[in-house]
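Undergrad: Protein chains in written order, with my numbering: chain P, 24 to 366; chain X, 24 to 366. All C-beta atoms in this analysis are idealised placements derived from N, C-alpha and C, irrespective of residue type, glycine included. Quick one: the structure is below, and I'll ask about it shortly.
Protein chains: 2
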Amino acid sequence: MHREAKRSLTPTIYDVAREAGVSYSTVSRTLSGYEFVKPSTREKVLRAAEKLGYVPNHQARSLAGGRSHLIGVLVPGLNNSYIGEILRGIDEALAESEYNLLLYTTHRRQGKESHYAATIMNSGVDGLLLVVPLMATPYLDTLHERDFPCVVIDQSEETQKGAVVSGTNWQGAFEATEYLIGLGHCRIGFISGLAGLTSTTERLAGYSAALAQHGLALDERLIAEGSFLQEGGYTAAQQLLALPDRPTAIFAANDLSALGAMEAVREHGLRIPKDISLVGFDDIPQASLGYPKLTTVRQPLSEMGREAANILLEEIAHPEQPRRRVTLPTKLIIRDSCCPPAG
Amino acid sequence: MHREAKRSLTPTIYDVAREAGVSYSTVSRTLSGYEFVKPSTREKVLRAAEKLGYVPNHQARSLAGGRSHLIGVLVPGLNNSYIGEILRGIDEALAESEYNLLLYTTHRRQGKESHYAATIMNSGVDGLLLVVPLMATPYLDTLHERDFPCVVIDQSEETQKGAVVSGTNWQGAFEATEYLIGLGHCRIGFISGLAGLTSTTERLAGYSAALAQHGLALDERLIAEGSFLQEGGYTAAQQLLALPDRPTAIFAANDLSALGAMEAVREHGLRIPKDISLVGFDDIPQASLGYPKLTTVRQPLSEMGREAANILLEEIAHPEQPRRRVTLPTKLIIRDSCCPPAG
DNA sequence: CTGAAAGCGCTAACAA
DNA sequence: TTGTTAGCGCTTTCAG
């Protein structure tokens, strides 16, 4: 037996074992919820652990058991309440489990993605949650190659095999556009999102489909490229407003863009919704905070996070099961940024 | 020597050692930046590691070396871009180091704070960053007791010994109030923050001091209790607006409250700044996003995060050095939510 | 149901 | 400068 002096600050299972008068493997079993431990023994162990203020050492547990109880979450950045909401959902789900959350941001170590993926895998996380991964193919390839448990949130690369959680992008965009059409708008501008993301593609498709369904021609000039960021929305709106026959309504691919557009509209001396109607996507907290309150397609962001986390946990527990793909419903939230066109 | 078959998926230092034809401790030394390794040996090791795609195992490294390269960050929640900004700063600082970020949210395990603190310490983090910890005394006691490296952001308990990073709350509030007074306002309402937080106390003190300095009486009824949340600001503003001689300006202890107040003002059919001037605190992204753009006291949130992280890293590296207390300057950002009073 | 023994992958004295 | 030897604290067979 090793360890004899060395009364360290934090007690280990050895200490608990001595206190309880059992072997340390019994302590280990008890503490990790092994069922075949005699109740009276379990009692003794638990009491001893309690008395000593024992707290398990994750590193050791992980090293020996191969399970770290750590979930990695890869986000593009933190400067965005869209991400914040998703994270909140993830955190909620994880809080109910025994898992902790290791946060990674993409902006780090750009370029060597696949090595980064390897690093993450080896940082001991049991699974990985990828939030809107851009250029994710290198990650995902490495990840899938090793059957590493992971689920992607709000993005699905064409060739992707793994689990995905997202909202009904097409449907949401379709409804929003249809709503605008129903209000009487014929020239509806669209501010797209970041190229390469499925959310961008799908929302654009939904927009186009709604126009088509209602016999409205698709005018390429009414589609301005945004970036999912406020600034992109601002610039895109400028473009749209500079058009000779400018749109009477604008549908932005996300709220941040819509908010940016709102600013541009104001600077042009136009009023919302009087002169221009505006619809966003996401329903981030600021959508209902500003003035006028933004009509938008709500995406259940935190639920998406929670759902993704739960799927991941499930996948870790039962690796054999087929990967799930979940699409959560979006919902048009009508607030104050739309009305029938002036003419 | 153990390990002979067991060609696992990820190579270990043993594999690298074999590949490089050296002992595994040499590999360990090389990889952990020990300086007295013969250059040619280092070369061989590095090449072998590269070839095998070696990635260190954090758990093992931590268990053996006592350093996990993990920093815990304890935040009250994620639903707030104030937190988001601070996190961003922390993340930036950590990205430049070799540290990863383990995220904890306070809402978990409420009640048994000190046990929670113990858990965090044993979760293997090398240090802890506490963002506006409410009811932190139990945590901090446990933490300080064991000389656990930690720094608190934007809050300093009375009896606190550890490192703290915060903004110039008093000064910022003083300036904001003075600005309002300079504009000609005499009845200035104050929406306070959450009771028990130093930021709340200090900002209130700054507000009072400015009034006093300019010979304005402190009217208790002009001080409404908020919560640092939008809703609290809304309710507090309602109160203020219901006053027989309502204020011509309101200074809210943070932007979220100010935004809430803005909504209440609007609902009362009043205009900002025409009828009521409004000043916030923090300068979160939404402050400049909405309409009108909010005049506010900017707090260098992300810098505070970055600074705190750097101090923590420093403290981990040199535990002997005295704890630092850093106060970063705030700055009044004048935008569109204030003007001289109507009368 | 419980104890003994063997590592998980790596760091850190201690020699050589 | 490099190899050898012990563990870090815990999980997990394998025997009782």
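Please state the DSSP three-state secondary structure of residue 289 of chain X.
TA: Here residue 289 of chain X sits in helix by DSSP.
Undergrad: Would you grab the beta carbon distance between residue 231 of chain P and residue 220 of chain P for me? Rounded to a whole angstrom, and I think it's under 8 Å.
TA: Contact doesn't hold; Cβ gap of about 17 Å is too wide.
Undergrad: At least one CB of chain X closer than 8 Å to the CB of residue 24 of chain P: is that the case?
TA: Low confidence applies here, because residue 24 of chain P scores a pLDDT of 32, under 50, leaving its location unreliable; read the following figure in that light. Output row for residue 24 of chain P: interface = no.
Undergrad: Say whether chain X places a C-beta atom closer than 8 Å to the C-beta of residue 125 of chain P.
TA: For residue 125 of chain P, the answer is yes, since a Cβ of chain X falls inside 8 Å of its Cβ.
Undergrad: Distance, Cα to Cα, residue 37 of chain P vs residue 103 of chain P?
TA: Cα-Cα distance, rounded: 46 Å.
Undergrad: With a threshold of 8 Å between beta carbons, is residue 289 of chain X in contact with chain P?
TA: Yes, contact with chain P.
Undergrad: Please report the straight-line C-alpha distance between residue 116 of chain X and residue 303 of chain P, rounded to a whole angstrom.
TA: Cα to Cα, residue 116 of chain X sits roughly 34 Å from residue 303 of chain P.
Undergrad: Whole alpha helix (DSSP H) runs in the region 247-284 of chain X with 4 or more residues, listed along the chain?
TA: Counting whole runs of 4 or more residues, the region 247-284 of chain X contains the alpha helix (DSSP H) stretches 253-265.
Undergrad: Does any CB atom of chain P fall closer than 8 Å to the CB of residue 33 of chain X?
TA: True, the Cβ-Cβ gap to chain P drops below 8 Å.
Undergrad: Sort out for me which residues DSSP pairs residue 171 of chain P with in a bridge.
TA: Paired residues: none, contrary to the question.
Undergrad: Please report the straight-line C-alpha distance between residue 61 of chain X and residue 70 of chain X, rounded to a whole angstrom.
TA: Rounded to the nearest angstrom, the two C-alpha atoms are 14 Å apart.
Undergrad: Taking only beta-carbon positions, decide if residue 142 of chain X is within less than 8 Å of chain P.
TA: Judged by the 8 Å Cβ criterion, residue 142 of chain X is in contact with chain P.
Undergrad: Are any of the Cβ atoms in chain X nearer than 8 Å to that of residue 145 of chain P?
TA: It does: the Cβ of residue 145 of chain P has a partner Cβ on chain X nearer than 8 Å.
Undergrad: Whose C-alpha, out of X/299, X/76, X/53, is nearest the C-alpha of residue 207 of chain X?
TA: Closest by alpha carbon: X/299.
Undergrad: Say whether the region 186-200 of chain X touches the region 348-365 of chain X, bearing in mind that this needs 3 or more beta-carbon pairs closer than 8 Å, one atom from each stretch.
TA: Counting Cβ pairs under 8 Å, three or more are found: they touch.
Undergrad: Closest to residue 128 of chain X by CA distance: which of X/107, X/247, X/250, X/171 is it?
TA: Looking at the Cα atoms, X/107 is the closest of the given residues.
Undergrad: If you reduce the DSSP assignment to three classes, tell me which class residue 152 of chain P lands in.
TA: Residue state, collapsed to three classes: strand.
Undergrad: I need the straight-line Cα distance from residue 97 of chain X to residue 130 of chain X, nearest angstrom please.
TA: Roughly 10 Å separates the two Cα atoms.
Undergrad: Is it true that the CB of residue 147 of chain X sits closer than 8 Å to the CB of residue 236 of chain P?
TA: No, the pair does not count as a contact, with Cβ atoms beyond the cut-off.
Undergrad: Rounded to whole angstroms, what's the CA-CA distance from residue 41 of chain P to residue 47 of chain P? Just pull it up for me.
TA: Residue 41 of chain P and residue 47 of chain P: Cα-Cα distance of roughly 8 Å.
Undergrad: Consult DSSP for residue 354 of chain X and reduce its assignment to one of helix, strand or coil.
TA: Strand, per DSSP.
Undergrad: Put residue 222 of chain P into one of helix, strand or coil per three-state DSSP.
TA: In the structure shown, residue 222 of chain P sits in a helix (DSSP, three-state: H, G or I).
Undergrad: Under 8 Å, do residue 346 of chain P and residue 95 of chain P count as touching if we go by C-beta distance?
TA: Taking 8 Å as the Cβ cut-off, residue 346 of chain P and residue 95 of chain P do not qualify as a contacting pair.
Undergrad: Taking 8 Å as the CB-CB limit, is residue 50 of chain P close to chain X?
TA: Output row for residue 50 of chain P: interface = no.
Undergrad: What residue does the alpha helix (DSSP H) around residue 47 of chain P start on, and which one ends it?
TA: Here the alpha helix (DSSP H) through residue 47 of chain P covers 47-54.
Undergrad: Quick check: what's the CA-CA separation for residue 368 of chain X versus residue 34 of chain X?
TA: The structure shown does not extend to residue 368 of chain X, since chain X is modelled only from 24 to 366, so the question has no answer here.
Undergrad: Would you decide whether residue 306 of chain X is buried or exposed? Buried here means 16 or more other CB atoms lie within 10 Å of its CB.
TA: Under this definition residue 306 of chain X is a buried residue.
Undergrad: Using a Cβ cut-off of 8 Å (strictly closer), state whether residue 310 of chain X contacts chain P.
TA: For residue 310 of chain X, the answer is no, since every Cβ of chain P falls outside 8 Å of its Cβ.
Undergrad: Closest to residue 170 of chain P by CA distance: which of P/158, P/156, P/149, P/72 is it?
TA: Of P/158, P/156, P/149, P/72, the residue nearest in Cα terms is P/149.
Undergrad: In chain X, which residues lie less than 8 Å from residue 167 of chain P when you measure between Cβ atoms?
TA: Here the premise fails: no neighbours, minimum Cβ distance about 13 Å.
Undergrad: Using a Cβ-Cβ distance under 8 Å, would residue 82 of chain X count as near chain P?
TA: Yes, residue 82 of chain X counts as interfacial toward chain P.
Undergrad: Tell me the start and end of each unbroken beta strand (DSSP E) in the region 64-101 of chain P that is at least 3 residues and wholly inside, in chain order.
TA: Runs of the beta strand (DSSP E) inside the region 64-101 of chain P: 93-98.
Undergrad: Would you grab the beta carbon distance between residue 296 of chain X and residue 361 of chain X for me? Rounded to a whole angstrom, and I think it's under 8 Å.
TA: Rounded, the Cβ-Cβ distance is 5 Å, consistent with contact.
Undergrad: What first and last residue would you give for the beta strand (DSSP E) that runs through residue 190 of chain P?
TA: First-last of the beta strand (DSSP E) with residue 190 of chain P: 186-190.
Undergrad: Pull the bridge partners of residue 303 of chain P from the DSSP assignment, please.
TA: DSSP output for residue 303 of chain P lists P/319 as bridge partner(s).
Undergrad: Taking just the CA atoms, how far does residue 348 of chain X sit from residue 58 of chain X?
TA: Looking at the two C-alpha atoms, the distance is approximately 34 Å.
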